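Chains P and U supply the protein sequences, listed in that same order. For the first sequence, the residue numbers in the working numbering are 1 to 339. For the second sequence, the residue numbers in the working numbering are 1001 to 1339. The beta-carbon is built from N, C-alpha and C at its ideal position, and this holds for glycine as well. The structure displayed is predicted, hence computed values, not measured ones.
There are 2 protein chains.
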Amino acid sequence: MVKLKDVAKKANVSLATASLALNDSKLIKEETKKEVLYWAEKINYIPNIYARKLAKGKSYNICIMINSKNFFESPNIYYLKIIGGVIKESEDTEYTVSFSFYRDKEELKLLSKKRNKHNMDGIMILDVIEKNMLDNLIKDLKIPIVLIDNHKKFKNIYGVDNDDFGGSYKATKYLIDLGHKRIGYIGYPDKHPLGKECWGGFKKALSDNNLREYCVYKKCRSFKSVIKSGRNAMAELLEKKLIPSAFFCASDYLAIGAIEVLRNKGYKIPADVSFIGMDDMELSSEIEPHLTTVRINMEELGRVGIKKLISIINNNYSGEVKTIISNEIVERRSCSRIN
Amino acid sequence: MVKLKDVAKKANVSLATASLALNDSKLIKEETKKEVLYWAEKINYIPNIYARKLAKGKSYNICIMINSKNFFESPNIYYLKIIGGVIKESEDTEYTVSFSFYRDKEELKLLSKKRNKHNMDGIMILDVIEKNMLDNLIKDLKIPIVLIDNHKKFKNIYGVDNDDFGGSYKATKYLIDLGHKRIGYIGYPDKHPLGKECWGGFKKALSDNNLREYCVYKKCRSFKSVIKSGRNAMAELLEKKLIPSAFFCASDYLAIGAIEVLRNKGYKIPADVSFIGMDDMELSSEIEPHLTTVRINMEELGRVGIKKLISIINNNYSGEVKTIISNEIVERRSCSRIN
DNA sequence: TTGTAGGCGTTATCAA
DNA sequence: TTGATAACGCCTACAA
């Protein structure tokens, strides 16, 4: 393995000079730098990052923590997108990223093991985490933490979140602008992480336009079999009431299930009923009719999150505690104008 | 930061003894070990993995390489499952895992940068890779490589693959055992990575049972909008021929699209036509009727892959060049017996 | 069974 | 502007 010493020798400078030159120090003459760079390239020098980490006394590593239960029981494409964003964004930094699963109770015991393995300067958490676990993490580790997609929980902990409220507002407004006056809602219970925000955005859009909710289902619980929840929702709604001219669904899968039930009853989508979802899953552009939805940019959450964490680690972050990532409407074919 | 020296001091032994004790060397008396362990625990000693890597002269790191185009353009849950398996399995080893995207042409130039960042003892590749890229990797890096899910390509390079052939055989056999004699096939072109294996397994099952294929569609191309491919397939098939009593589809999404078209034409599934898919996606157990399929265990591919790679790195691998991971049929409600 | 001392490849602090 | 040299924290002959 060719090392710094070899480069120094070839370039006819000392180890120290070679090191400084390669790190583009302004102490070194341009000419010398060039010479060193030339030889480094020439003899294919690859720095040993571990020696560097050691000498610098910093790990330059960020540990991404993921709840293993959530991850393995309901593997979700969102994880993949966040992870992709994180890796991508970290590529051009001096930081490496490592991943670590955590479980429920044993957490604290595991923690020390994790640290052994992942010496780290900062932590990013990809799941909705419980308060006591988070408290323990903070107390034990004393390193910066950034929470991703925690739906604005833990107001005083750094985080990056999707704008659930704004997305719901936007979606509902979109329906209103299409002329809809009777708008239904299918979403999660109030205590669900997504419940409050989505419902809030929906309500606000209505009241800002002097409208009232028409037909509401808020009993979708788990993150699994969400399509089934959508079916159940619509089945229940069909029994009880008149169907509105449009629905906002807090998840595309909810919309997909609901649409299926309605179509089976002979309703035409979007001629009879319009639907707008939220998420933009792969499936959403494949179903009939292609679903209009609010696209959530999870990759962006990951990218922004890692940048933020690195800034915090380096003591030069000065932005908001919670960063809110905006989302946009993707118009497809599940909504129609009403007169 | 508490270090080994501190532990040694507390335990009243030398640095060397402390080190050996913590590494459970048999040179050290049980009693001494206990004392050292006790103090390490007590003062919350966390080894610096980078110092260790450096002293050992090994990176103890494995780099997982992912084609960024595939990853970002068609993020697939399979990636997530492999990654999950890899991380999980690496947890109890001394190896860390890092991830790195690669692109097409610039590959070679990027390579050196990657190495700077991910000093590594081995490489795992998660995508179907092209021959010339692989050759370059091998030539430049000279470290062990394991290919994941490459559909048995590159016979002399270590790899872990799903048993596409066996899965197709099994699925087809399942249909045959249900009494079906006219069995259709919806899958990929012969030159598609999945094409040959799936078609081979299907054909073999038929010929082993003195049956011939009845109605074949092999034009599904991309990995994107596979559901649409399924729809197209069935639309075309409907025009041309009699529909068989059962279909094997080389992907669940293909089956989902095909079923949709057939149901819209008034066919009852599975009363009129049975379907068996392959993959077992989340969606497969949500659609109507719940899809019977061959479950591919991608997490297992990841786990086995990392174990294999570590063995190879440590020069104690003695198994097959290609490890084939078996899959199993998940019976749901899309197949019926025929008389 | 344990301790001494040198080395792993960098970076950083002084002098020169 | 550069060069010695001492860290960084751990491992491991070799000696005792």
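Between Lys1131(U) and Arg1295(U), the alpha-carbon positions lie close to 29 Å from each other. Taking a beta-carbon distance threshold of 8 Å, Phe1099(U) counts as an interface residue toward chain P.
When DSSP states are grouped into helix, strand and coil, Arg1332(U) belongs to the coil group. Assigned with DSSP and collapsed to three states, Asp1161(U) falls in strand. Where Thr1032(U) is concerned, the enclosing alpha helix (DSSP H) starts and stops at 1030-1042.
Inter-segment contact for the segment 1017-1026 of chain U and the segment 283-301 of chain P is absent: fewer than three beta-carbon pairs are separated by less than 8 Å. A direct Cα-to-Cα measurement between Asn1076(U) and Ser1326(U) gives close to 21 Å. When DSSP assignments are scanned along the segment 80-139 of chain P, the uninterrupted stretches of alpha helix (DSSP H) that are 4 or more residues long and fall wholly within it turn out to be 107-117. At a cut-off of 8 Å between beta-carbon atoms, Leu1022(U) makes no contact with chain P. Across the set Ile143(P), Ile46(P), Ala8(P), Lys218(P), the C-alpha of Lys218(P) shows the shortest separation from the C-alpha of His192(P). Among the residues of chain P, none has a CB under 7 Å from the CB of Asn1327(U); the nearest is roughly 17 Å distant. Here DSSP, grouped into helix, strand and coil, assigns Leu147(P) to strand. Counting C-beta pairs with one atom in each stretch, the segment 316-324 of chain P and the segment 153-160 of chain P have three or more that are closer than 8 Å, which means they touch. Counting the other Cβ atoms within 10 Å of the Cβ of Tyr78(P) gives 16 or more, which makes it buried. For Phe275(P), the uninterrupted beta strand (DSSP E) run begins and ends at 274-279, by DSSP. Pairwise C-beta distances place the segment 1019-1031 of chain U out of contact with the segment 195-210 of chain P, as fewer than three of them are shorter than 8 Å. Arg1221(U) sits in coil when the DSSP states are folded into three classes, being neither helix nor strand. In chain order, Ile1176 place their CB closer than 7 Å to the CB of Asn1209(U), counting only its own chain and leaving out the 5 sequence neighbours on each side. Under the criterion of beta carbons closer than 8 Å, Val1097(U) and Ile1087(U) qualify as touching, at roughly 6 Å.
If only complete runs of 4 or more residues are kept, the segment 1222-1257 of chain U shows the alpha helix (DSSP H) at 1226-1240, in order along the chain. At a cut-off of 8 Å between beta carbons, Pro1189(U) makes no contact with chain P. Cβ atoms of Arg231(P) and Gly266(P) stay farther apart than 8 Å, at about 16 Å. By the rule that beta-carbons nearer than 8 Å mark a contact, Gly84(P) touches chain U. At a cut-off of 8 Å between beta-carbon atoms, Ala1051(U) makes contact with chain P.
Contact between Val1273(U) and Leu1254(U) does not hold, since their C-beta atoms are separated by about 14 Å, which reaches or exceeds 8 Å. For the options Ser245(P), Asn70(P), Asp161(P), Pro47(P), the alpha carbon positioned closest to that of Val304(P) is the one of Asp161(P). At least one CB atom of chain P sits nearer than 8 Å to the CB of Arg1115(U). Here Asp252(P) has Gly277, Met278, Asp279, Asp280, Met281, Leu283, Ser284, Leu291, Thr293 as same chain residues with Cβ atoms under 8 Å from its own Cβ, once five neighbours each way along the sequence are excluded. For Met1065(U), the enclosing beta strand (DSSP E) begins and ends at 1061-1067. Secondary structure at Ile186(P): strand, using DSSP grouped into helix, strand and coil. Using a Cβ-Cβ cut-off of 8 Å, Leu238(P) does not count as an interface residue toward chain U, since no Cβ of chain U sits closer than that to its own. Non-local beta-carbon contacts of Ile269(P) in its own chain, meaning distances under 7 Å to residues more than five positions away in sequence, involve Ile259, Leu262, Arg263, Phe275, Pro289, Ser334 in chain order. Residue nearest to Glu300(P) within the set Glu331(P), Asp149(P), Leu206(P), Lys203(P) is Asp149(P) (criterion: CA-CA distance). Against chain P, the CB of Lys1088(U) has a partner CB under 8 Å away; the residue lies at that interface. Interface criterion met: the Cβ of Leu1080(U) is under 8 Å from a Cβ in chain P. A residue is called buried when at least 16 other Cβ atoms come within 10 angstroms of its Cβ; Ile43(P) does not meet this threshold and is exposed.
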